[in-house]
Amino acid sequence: MSDIDVKDTVEGDDRSFGLWHEHRGMVRKIILQARSILLRLSWLKDLRDLQQRSKQPTW
Numbered sequence: 356m357s358d359i360d361v362k363d364t365v366e367g368d369d370r371s372f373g374l375w376h377e378h379r380g381m382v383r384k385i386i387l388q389a390r391s392i393l394l395r396l397s398w399l400k401d402l403r404d405l406q407q408r409s410k411q412p413t414w
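What follows is the structure in structure tokens.
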């Protein structure tokens, strides 16, 4: 999860956000659209929580 960038907003749509992943010089962009702004915010919070947990040591 640490090699994925989360973009809070996608231009032109308050319900969309993006995931960017770079690997071997190639960038993959995935745009996701929630049913509502509140759901988008919830998903973003969950993704950020996962990113934080993946940075912590597992021991």
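First residue of the sequence shown: 356, per our numbering; consecutive thereafter. Idealized CB from N, CA, C, for every residue including glycine.
For phenylalanine 372, tell me which candidate among His378, Val382, Ser409 and Gln388 has the shortest Cα-Cα distance. In the sequence shown, residue 372 corresponds to position 17, counting from 1. Residue Gln388 holds the alpha-carbon nearest to the alpha-carbon of phenylalanine 372 among His378, Val382, Ser409 and Gln388.
Whole-Å CB distance - isoleucine 392 paired with leucine 374, under 8 Å assumed: If you number the sequence shown from 1, residue 392 lands on position 37. If you number the sequence shown from 1, residue 374 lands on position 19. In fact, because the Cβ distance is near 18 Å, the residues do not count as touching under 8 Å.
Distance between glycine 380 and aspartate 401 (C-alpha atoms, nearest Å): As a working mapping, residue 401 is identified with position 46 in the sequence shown. As a working mapping, residue 380 is identified with position 25 in the sequence shown. Inter-residue distance for aspartate 401 and glycine 380 is about 27 Å (C-alpha atoms, whole angstroms).
Arginine 403 lies in the alpha helix (DSSP H); which residues open and close that run? Indexing the sequence shown from 1 puts residue 403 at position 48. For arginine 403, the enclosing alpha helix (DSSP H) has its first and last residue at 392 to 410.
Report buried or exposed for arginine 395, applying the criterion of at least 16 other Cβ atoms within 10 angstroms of its Cβ. On the sequence shown, residue 395 is found 40 positions in, with the first residue counted as 1. Its Cβ being crowded by 16 or more others within 10 Å, arginine 395 is buried.
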